[in-house]
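So in my numbering, the last spot in the sequence shown is 299, and the numbers never skip.
Even glycine gets a Cβ: it sits at the ideal position worked out from N, Cα and C.
As the structure is a prediction and not an experimental result, all values here were calculated from the model.
Let me begin by presenting the structure, written as structure tokens, before commenting on it.
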Amino acid sequence: MKTIVLPTDFSATASNAADYAVHFAMQVNAERIILLHAYEIPVAIDPMMPGIQIPEVDGFRETAESRLLQFRADLLVKYAETKIIFDTLAVYGSILSALEDLQEKDPIELVVMGITGGGALEETLIGSNTVHIAENTSLPLIIVPANTVFKPVKKLMFACDFNDAEKYIPVNQIAAFQQLTGSSLAVFNIESDPSEFEETFPGTVMGESFAVHTVMDKLNPTYHFSHAKSFLDGVNQFVDEKGIDLVITVPKEHNFFERIFASSHTKKLAFHSHVPVLVLSRQD
């Protein structure tokens, strides 16, 4: 891995994600971190009111670039012993469009972003952006919960849905990440009560399980099952018991993140356990 992109809004959560990104870069011998800040011009509440003017783009650009250079300077002082190159990029528009533009010029290997469990108004923007990007990009994305303290990634957990495994599990991406970090891999699944169809045709369940084992065979994972009533509670418990360093998830549905990131269960998984989440796109 050569390059990691770190979108930032200069909040405490984003700064913590920067610390995580730097330590992870050192673990995998990444060469460069791009500090990305996307800015937009605020719209006046009532443009007809006298005295209200929309600031010029140049002013916002200069402010954004100045803050970004200071952010870089702080990281250079804090991590003076590293050989990592810190580049900066301030762009007008959204983070998602900035990432897409970057991807066209220089393929992005990993994006790292912070997210907060809520309550801190100054961090709301980066949190909502993180969810939006997780939902709309195919780029590998590590979501770093607030206050996460970096631990070398040695234990990966893939929260796996056994349905249509051969169609959605990005085996090559998981394998590359496993090799990059030198990690063991645990595949975790919640075993729900069988449906009437599954009781009538138990071979369907066995077939799905066999498909997962076949697809994942080259990764040499261990398999773990839970009967927890809540999928996310089950994942959270497994993370705590086994000392998992990073959870891998592959959204299968549109608006998946928009729906689950508002739930208390997801906060237990992504925030309460303080375990970062690696979001990968489904297999093409």
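According to DSSP, is residue 187 helix, strand or coil?
Taking the sequence shown and counting its residues from 1, one reaches residue 187 at position 172. DSSP places residue 187 in helix when its eight states are reduced to three.
Between which two residues does the beta strand (DSSP E) containing residue 129 stretch?
Locating residue 129 in the sequence shown gives position 114, where the first residue counts as 1. 125-130 is the span of the beta strand (DSSP E), which, as asked, contains residue 129.
For residue 93, which of 254, 17 and 35 has the nearest alpha-carbon?
Locating residue 93 in the sequence shown gives position 78, where the first residue counts as 1. Comparing Cα positions, the closest option is 35.
If I measure Cβ to Cβ from residue 31 and keep anything under 8 Å in the same chain, skipping five residues before and after, which residues do I get?
On the sequence shown, position 16 is the one that residue 31 refers to. Cβ neighbours of residue 31 beyond the five flanking positions: 129, 159, 161, 162 and 163.
Would residue 19 and residue 90 qualify as a contact pair, given that the criterion is a beta-carbon distance under 8 Å?
Taking the sequence shown and counting its residues from 1, the one referred to as residue 19 is at position 4. Taking the sequence shown and counting its residues from 1, the one referred to as residue 90 is at position 75. The answer is no: Cβ separation not under 8 Å.
Have a look at residue 241 and residue 169 and give me their C-alpha separation to the nearest angstrom.
For this step, residue 241 is matched to residue 226 along the sequence shown. For this step, residue 169 is matched to residue 154 along the sequence shown. Approximately 22 Å, taken between the alpha carbons.
Using 8 Å as the Cβ pair cut-off and three pairs as the minimum, do the region 254-267 and the region 81-89 touch?
The region 254-267, when compared against the region 81-89, does not touch it at the 8 Å Cβ threshold.
In the DSSP assignment, what are the bridge partners of residue 99?
Translated into positions along the sequence shown, residue 99 becomes position 84. BP columns for residue 99 are empty, so no partner.
State the Cα-Cα distance for the pair residue 183 and residue 40, rounded to the nearest angstrom.
Taking the first residue of the sequence shown as 1, we reach residue 183 at position 168. Taking the first residue of the sequence shown as 1, we reach residue 40 at position 25. Residue 183 and residue 40: Cα-Cα distance of roughly 28 Å.
On the premise that residue 264 lies in contact with residue 292, defined as a C-beta separation below 8 Å, what is that separation, rounded to the nearest angstrom?
Residue numbering aside, residue 292 sits at position 277 when the sequence shown is read from its first letter. Residue numbering aside, residue 264 sits at position 249 when the sequence shown is read from its first letter. Right, their Cβ atoms sit about 6 Å apart.
Have a look at residue 4 and residue 38 and give me their C-alpha separation to the nearest angstrom.
Outside the modelled stretch of the chain, which goes from 16 to 299, sits residue 4, for which no answer is possible.
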